[in-house]
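Engineer: Pasting in a structure now, in structure tokens, and then I'll have a few things to ask.
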Amino acid sequence: MMLSFGQNPVARGIMPNSFMKRASDGATASVVPLLPRVASGDSLAVRECLRRYGGLVGSLARRFLKTPADVEEACQDIFVAVWKNAGMFDPVRGSEATFVAMIARRRLIDRLRSRGVQPELSASDLTVSADTLERYVDARAAVAGLEQCSEGQRQVILLASHGLTHPEIADELSLPLGTVKSHYARGIDLVKRALQSGKSGQ
Amino acid sequence: MKYEDDELAEAALLLSHVDREVPLAKALEDKLFAEGVQIASEARHTTSRLGAMEVNDAPRATRSLPRNLWAPHPAWYAAAAGVALVVHQAQIHRLTAASPVVEVAVPTFPAVLRDARGIEVARVASQDAEHILQVQNLPASQAGDRYQLWISPGPRAQAVPVGFFTCKEACANASFRLPRHPAAPELRSAWITLSRAEERSLAPGAHIVATLGN
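From first to last, the protein sequence lines are chains X and U.
What the first sequence shows, in my numbering, is residues 57 to 258, in sequence order.
What the second sequence shows, in my numbering, is residues 16 to 229, in sequence order.
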């Protein structure tokens with residue numbers, strides 16, 4: 057698998073600037089978190105949480121796994137982890153959707169790794185949808201941060217976000233491991249700063 | 016579960032690549048709901064001598080040990096005595112460490128939170144979708160420790176956790192925006208507690224550092 061990030065803005069994982077402007081101009085709906093209620097034993101919040109994040113978790117599971125049975129099993133595994141860790145959600149650090157996506161990503165990568173499988177990534181995996189950016193404020197900020205990265209940093213960060221380890225990325229991009237690590241450190245710092253400024257700008 | 020900001024940033028990037036979201040199938044949603052309710056209900060609600068609601072993780076089910084391990088043995092008696100002593104001392108510590116809490120209905124905003132000495136440490140105001148917490152003076156939180164704001168529309172049994180925040184250096188004139196909780200549309204009482212790194216307690220009555228009042 058060798059990806060070309062440089063030519064196609066969609067394959068680069070970046071939307072055109074015109075879209076970014078439109079997205080940043082749009083009003084951001086505040087979503088009241090459900091996880092603190094889940095942590096306090098509110099069963100209504102459990103149901104709401106499934107409806108709010110079921111589609112997101114299913115979509116992420118389909119991205120990593122091939123068969124519907126695997127996807128279903130992974131969804132179950134992810135939501136159990138979400139229920140058990142609901143009390144750890146900290147709205148100061150990130151949105152609830154990002155917290156759920158983080159748990160999903162972790163469980164999905166663990167699932168693949170336990171089978172000795174490396175996460176795969178295709179150019180179509182890097183498409184950014186306008187709807188998604190409208191809906192998830194953290195995603196919008198992260199993409200804005202990615203735009204500030206150099207081409208090399210962007211490639212490394214995107215592969216890392218899809219679960220590849222630094223040695224795997226070095227192998228994939230034919231880069232020295234040290235270069236991958238420095239690209240990652242600088243790139244992820246830009247993304248984190250964009251997330252922070254996105255929060256303070258809300 | 017611990018997590019770093021790097022991992023959150025990677026998740027936010029992954030979020031940007033989410034494509035079509037299809038709601039879960041009804042049967043799967045029902046199955047997940049049943050599991051979720053069971054896990055959520057494992058949180059035990061008890062009332063302490065201070066009247067505070069405590070929510071703790073229920074003990075995990077463990078595999079049964081062979082019967083002969085449970086046979087009377089001097090080591091078990093010694094261990095039980097040790098546990099009883101620790102529990103007793105923890106209770107004494109809690110009773111002395113937590114200041115008496117007086118619930119005061121404060122219809123005017125911003126509401127002032129004061130520490131046990133009566134010194135103003137924070138103000139809280141509610142806006143459309145969030146609570147604005149202005150911290151005047153709170154000591155720096157130790158590594159891993161976090162402050163947590165609790166609010167309630169009435170009795171303390173209805174307290175809900177609003178969110179965590181940390182003070183890497185002493186918090187002076189720091190502002191935090193915390194999501195407004197639908198269960199507490201009216202702010203009647205509020206607390207700031209300190210959540211220790213080594214604990215996973217969700218108890219609104221433990222380690223109170225500031226209380227709404229006059």
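A virtual CB, placed ideally from N, CA and C, is assigned to each residue, including glycine.
Chain U partners of X/I213, CB-CB under 9 Å?
Structural biologist: A24, E25 and L28
Engineer: Helix, strand or coil: how does DSSP classify U/A233 here?
Structural biologist: With chain U covering 16 to 229 only, the question about residue 233 of chain U has no answer from this structure.
Engineer: Write down every uninterrupted run of the alpha helix (DSSP H) in the segment 213-253 of chain X whose length is 4 residues or greater and which is fully enclosed by it, in chain order.
Structural biologist: 222-229
Engineer: Residues of chain X with CB closer than 7 Å to the CB of U/G159, please, in chain order.
Structural biologist: None at all; the shortest Cβ gap to chain X is about 12 Å.
Engineer: Would you say X/V199 faces chain U, with C-beta separation under 8 Å as the test?
Structural biologist: X/V199 counts as touching chain U.
Engineer: Within the continuous beta strand (DSSP E) that includes U/Q163, where are the two ends?
Structural biologist: R161 to S167
Engineer: How about X/A130: is its C-beta nearer than 8 Å to some C-beta of chain U?
Structural biologist: no
Engineer: Among the candidates X/S238, X/V88, X/L112 and X/V193, whose CA atom is the shortest distance from the CA of X/C131?
Structural biologist: X/L112
Engineer: Got a sec, what are the start and stop residues for the alpha helix (DSSP H) U/F180 sits in?
Structural biologist: In the DSSP assignment, U/F180 falls outside any alpha helix (DSSP H) and within the unbroken beta strand (DSSP E) covering V175 to F180.
Engineer: Which chain U residues are close to X/I244, counting only those with a beta carbon under 7 Å from its beta carbon?
Structural biologist: D21 and A24
Engineer: X/Y192: buried (16+ other C-beta within 10 angstroms of its C-beta) or exposed?
Structural biologist: buried
Engineer: Please go through the same chain and pick out, in chain order, the residues whose beta-carbon is closer than 7 Å to the beta-carbon of X/P223, but skip the five residues on each side of it.
Structural biologist: L233
Engineer: When you compare the CB of X/S185 with every CB in chain U, is at least one pair closer than 8 Å?
Structural biologist: yes
Engineer: In this structure, what does DSSP give as the bridge partners for X/A95?
Structural biologist: Paired residue(s): none; X/A95 is not in a bridge.
Engineer: Check whether the segment 237-249 of chain X and the segment 189-203 of chain X are in contact - that is, three or more C-beta pairs closer than 8 Å.
Structural biologist: In short, these stretches touch, since the Cβ pair count reaches three.
Engineer: Would X/D227 pass as an interface residue toward chain U - the criterion being a Cβ-Cβ separation below 8 Å?
Structural biologist: False, the Cβ-Cβ gap to chain U never drops below 8 Å.
Engineer: So what's X/T183 in DSSP terms, helix, strand or just coil?
Structural biologist: coil
Engineer: If you drop the 5 nearest sequence neighbours on each side, which residues of the same chain put their C-beta closer than 8 Å to that of U/V136?
Structural biologist: L128, R129, D130, V150, Q151, N152, L153, I207, V224 and A225
Engineer: Which residue marks the beginning of the beta strand (DSSP E) containing U/S141, and which one marks its end?
Structural biologist: E135 to S141
Engineer: Using the Cβ count rule (16 or more neighbours within 10 Å means buried), how would you classify X/Q204?
Structural biologist: exposed
Engineer: Between U/A27 and X/L116, how many whole angstroms is the CB-CB distance? I'm expecting something under 8 Å.
Structural biologist: With 8 Å as the limit, U/A27 and X/L116 do not qualify as a contact, their Cβ atoms being about 13 Å apart.
Engineer: Between the segment 116-128 of chain X and the segment 137-149 of chain X, do at least 3 Cβ pairs fall closer than 8 Å?
Structural biologist: No contact exists between the segment 116-128 of chain X and the segment 137-149 of chain X.
Engineer: Whole angstroms is fine: what's the gap from X/V138's alpha carbon to X/L220's?
Structural biologist: 23 Å
Engineer: Considering Cα atoms alone, identify which of X/D166, X/D126, X/S151 and X/D98 is closest to X/Y259.
Structural biologist: Not covered by the structure: residue 259 of chain X. The range shown for chain X is 57 to 258.
Engineer: What are the residues in the segment 115-139 of chain X lying within 9 Å of chain U by C-beta distance?
Structural biologist: S115, L116, R118, R119, E128, C131, Q132, F135, V136, A137, V138 and W139
Engineer: What separation, rounded to the nearest whole angstrom, lies between the Cα atoms of X/R210 and X/G243?
Structural biologist: If you draw a straight line from the Cα of X/R210 to the Cα of X/G243, it comes to about 7 Å.
Engineer: I need the DSSP call for U/R129, collapsed to helix, strand or coil.
Structural biologist: strand
Engineer: Expressed to the nearest angstrom, what Euclidean distance is found between the alpha-carbon atoms of U/A230 and U/E25?
Structural biologist: Lying outside 16 to 229, the shown extent of chain U, residue 230 of chain U is not represented and no answer is given.
Engineer: According to DSSP, is X/F120 helix, strand or coil?
Structural biologist: In the structure shown, X/F120 falls within a helical segment according to DSSP collapsed to helix, strand and coil.
Engineer: What span of residues does the beta strand (DSSP E) with U/L227 cover, start to end?
Structural biologist: I223 to L227
Engineer: DSSP three-state label for U/A158, please.
Structural biologist: coil
Engineer: Starting from the Cα of X/L90, find the closest Cα among X/G254, X/V156 and X/S253 and give me that residue.
Structural biologist: X/V156
Engineer: Leaving out five residues on either side along the sequence, give the residues of the same chain with a beta carbon under 6 Å from the beta carbon of X/R163.
Structural biologist: D133, I134 and A137
Engineer: Are the C-beta of X/G150 and some C-beta of chain U separated by less than 8 Å?
Structural biologist: Yes, its Cβ sits closer than 8 Å to a Cβ of chain U.
Engineer: Regarding X/D194 and the ligand ZN, is the C-beta to nearest heavy atom distance less than 7 Å?
Structural biologist: With respect to the ligand ZN, the structure shown offers nothing to examine, as it has no ligands at all.
Engineer: Between the Cα of X/V127 and the Cα atoms of X/V102, X/S96, X/R161 and X/L182, which residue gives the shortest distance?
Structural biologist: X/R161
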